[in-house]
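See structure below.
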Amino acid sequence: MSTGVETVWHLRRIMAEHGLFKTTELIPLLEQYGVHLSREQVFRLVTQTPERANLHVIGAVCAALGCTPSDLIEVRIVEEKTAPVE
């Protein structure tokens, strides 16, 4: 067995907790903090776990939603099974 890392992105849940249910509702909030993203970019940011993180974007999301990076990103340590050697 080996150990791996899994990340869980909680932006959609945090938005819902703030009464934001449409991805486009995040656009003007981010713009208040100098982050200008297209509708498509915001849709991907909300609905998919990012592979890379821009700290300016994460900072703007946290400021807009009153949360911390730890609220947005959950890191889980997982045990990965390895195939038996024959």
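Just so you know, we're using our numbering here: the sequence shown kicks off at 10 and counts up by one. Even glycine gets a Cβ: it sits at the ideal position worked out from N, Cα and C.
- Taking a 10 Å sphere around the C-beta of V44, we find 16 or more other C-beta atoms and assign the residue as buried.
- Excluding sequence positions up to five before and after D80, its CB lies within less than 7 angstroms of the CB of H19, I23, all in the same chain and listed in chain order.
- In the structure shown, the three-state DSSP call for R61 is coil.
- Listed in chain order, the non-local C-beta contacts of V14 below 8 angstroms within the same chain comprise V84, R85, I86, V87, local neighbours out to five positions each way being set aside.
- Excluding its 5 nearest sequence neighbours in each direction, V66 has C-beta neighbours in its own chain below 7 angstroms: V44, listed in chain order.
- Taking the Cα positions, I82 is about 18 angstroms away from L39.
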